[in-house]
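Asks:
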Amino acid sequence: MTIRKILTEPNKILRQVSKTVEFVGKEEQRLMDDMLETMYHANGIGLAAIQIGIPKRIIVLDISKNKEKKNPMYFVNPVINSKDSESSTYEEGCLSVPNYFAEVDRPKKCKIQYLDYNGKKQILETDGLLATCIQHEMDHLEGILFIDYLSKLKKTMIVKKLSKQKEKPDRIIV
Ligand code: ZN
Numbered sequence: 433m434t435i436r437k438i439l440t441e442p443n444k445i446l447r448q449v450s451k452t453v454e455f456v457g458k459e460e461q462r463l464m465d466d467m468l469e470t471m472y473h474a475n476g477i478g479l480a481a482i483q484i485g486i487p488k489r490i491i492v493l494d495i496s497k498n499k500e501k502k503n504p505m506y507f508v509n510p511v512i513n514s515k516d517s518e519s520s521t522y523e524e525g526c527l528s529v530p531n532y533f534a535e536v537d538r539p540k541k542c543k544i545q546y547l548d549y550n551g552k553k554q555i556l557e558t559d560g561l562l563a564t565c566i567q568h569e570m571d572h573l574e575g576i577l578f579i580d581y582l583s584k585l586k587k588t589m590i591v592k593k594l595s596k597q598k599e600k601p602d603r604i605i606v
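Every position in the sequence shown, counted from 1, becomes a number in the working numbering once 432 is added.
1) Note down the Cα distance separating Gln483 from Thr440, rounded to an integer number of angstroms.
2) Can you find at least 3 beta carbon pairs, one from the stretch 544-551 and one from the stretch 454-471, that sit closer than 8 Å?
3) For ligand 3, is there a heavy atom less than 7 Å away from the beta-carbon of Leu527?
4) Evaluate Ala474 with the Cβ neighbour count: other Cβ atoms within 10 Å of its Cβ, from every protein chain shown; 16 or more gives buried, anything less gives exposed.
5) To the nearest angstrom, how far is the alpha carbon of Gln461 from that of Leu468?
6) Would you kindly report the start and end of the unbroken alpha helix (DSSP H) that includes Tyr472?
7) Spatial neighbours of Gly560 within its chain, please: CB distance less than 8 Å, with the 5 preceding and 5 following residues excluded, ordered by chain position.
8) Could you work out which residue in Thr434, Met433 and Pro442 is closest to Leu527 when comparing CA atoms only?
9) Just to confirm my understanding: we take Ile590, look at its own chain, exclude 5 residues before and 5 after, and list those with CB closer than 6 Å. What are they?
10) Note down, in chain order, each residue of its chain lying with its Cβ closer than 8 Å to the Cβ of Ile438, except the 5 sequence neighbours on either side.
11) Output the distance between the C-alpha atoms of Leu585 and Asn498, rounded to the nearest integer angstrom.
12) For the alpha helix (DSSP H) that contains Glu524, what are its first and last residues?
13) For the alpha helix (DSSP H) that contains Thr564, what are its first and last residues?
14) Report the rounded CA-to-CA distance for Ser517 versus Lys502, giving the unit in angstroms.
15) Express the C-alpha separation of Phe507 and Lys553 in angstroms, rounding to a whole number.
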């Protein structure tokens, strides 16, 4: 498994719409392994392939709080079949928008259809944190970031600050 570089906003690649995976084979499984490793290394609970620059409709998640007992979840070509009209609010962050957090409303429950690690079709009805995480990650597949839900002013400010951070040279300690 390899830890890959996570792309951060602003970056045009993050705005791409990811492509449907035709077949879940060794290459896709290797990608999912790398994504999971990269996500754990960055202390995230979810990661979409586009965040490491691969425009494929693949998501990995692990919302288990216990680091000893990992519970990785893999979603290939996820589709939302139904959503709740009731919404829930979480303060969201994103590995591609480092150090910024904001409250986002999303449907509380959703039913999704996807392929698992072995390419088997699955249906999952979920709510709470998992439902929110899946929806956040599925937004990545459409090139959407959580800051897109904020006011234009707030979003512009965050993107500006992130661009400034990028201009700084890398700090090295030798
Ligand atoms: Zn994200």
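No residue lacks a Cβ here, since even glycine has one placed at the ideal position from N, Cα and C.
Replies: So, from the data block:
1) Within the sequence shown, the letter at position 51 stands for residue 483. Within the sequence shown, the letter at position 8 stands for residue 440. Looking at the two C-alpha atoms, the distance is approximately 8 Å.
2) yes
3) This structure does not include ligand 3; its bound ligands are ligand 1.
4) In the sequence shown, residue 474 corresponds to position 42, counting from 1. By the 10 Å Cβ count, Ala474 comes out exposed.
5) Position 29 of the sequence shown, counted from the first residue, corresponds to residue 461. Position 36 of the sequence shown, counted from the first residue, corresponds to residue 468. Approximately 11 Å between the Cα atoms of the pair.
6) To locate residue 472, count along the sequence shown from 1; it is residue 40. Counting along the chain, the alpha helix (DSSP H) containing Tyr472 begins and ends at Lys458 to His473.
7) Taking the sequence shown and counting its residues from 1, one reaches residue 560 at position 128. Closer than 8 Å at Cβ, skipping near neighbours: Ser520 and Lys540.
8) By one-based count along the sequence shown, residue 527 stands at place 95. Nearest C-alpha to Leu527: Pro442.
9) On the sequence shown, position 158 is the one that residue 590 refers to. The residues are Tyr532 and Ile579.
10) Residue numbering aside, residue 438 sits at position 6 when the sequence shown is read from its first letter. Same-chain partners within the cutoff: Thr470, Ala474, Leu479, Gln483, Ile484, Leu527 and Ser528.
11) As a working mapping, residue 585 is identified with position 153 in the sequence shown. As a working mapping, residue 498 is identified with position 66 in the sequence shown. When rounded, the distance between both Cα atoms is 37 Å.
12) Residue mapping note: residue 524 aligns to position 92 of the sequence shown, counting from 1. From DSSP, Glu524 is part of no alpha helix (DSSP H) but of the beta strand (DSSP E) over Ser519 to Cys526.
13) Within the sequence shown, numbered from 1, the residue matching residue 564 stands at position 132. Start and end: Gly560 to Leu573.
14) Taking the sequence shown and counting its residues from 1, one reaches residue 517 at position 85. Taking the sequence shown and counting its residues from 1, one reaches residue 502 at position 70. Taking the straight line joining both Cα atoms gives about 32 Å.
15) On the sequence shown, residue 553 is found 121 positions in, with the first residue counted as 1. On the sequence shown, residue 507 is found 75 positions in, with the first residue counted as 1. Whole-angstrom Cα-Cα distance: 10 Å.
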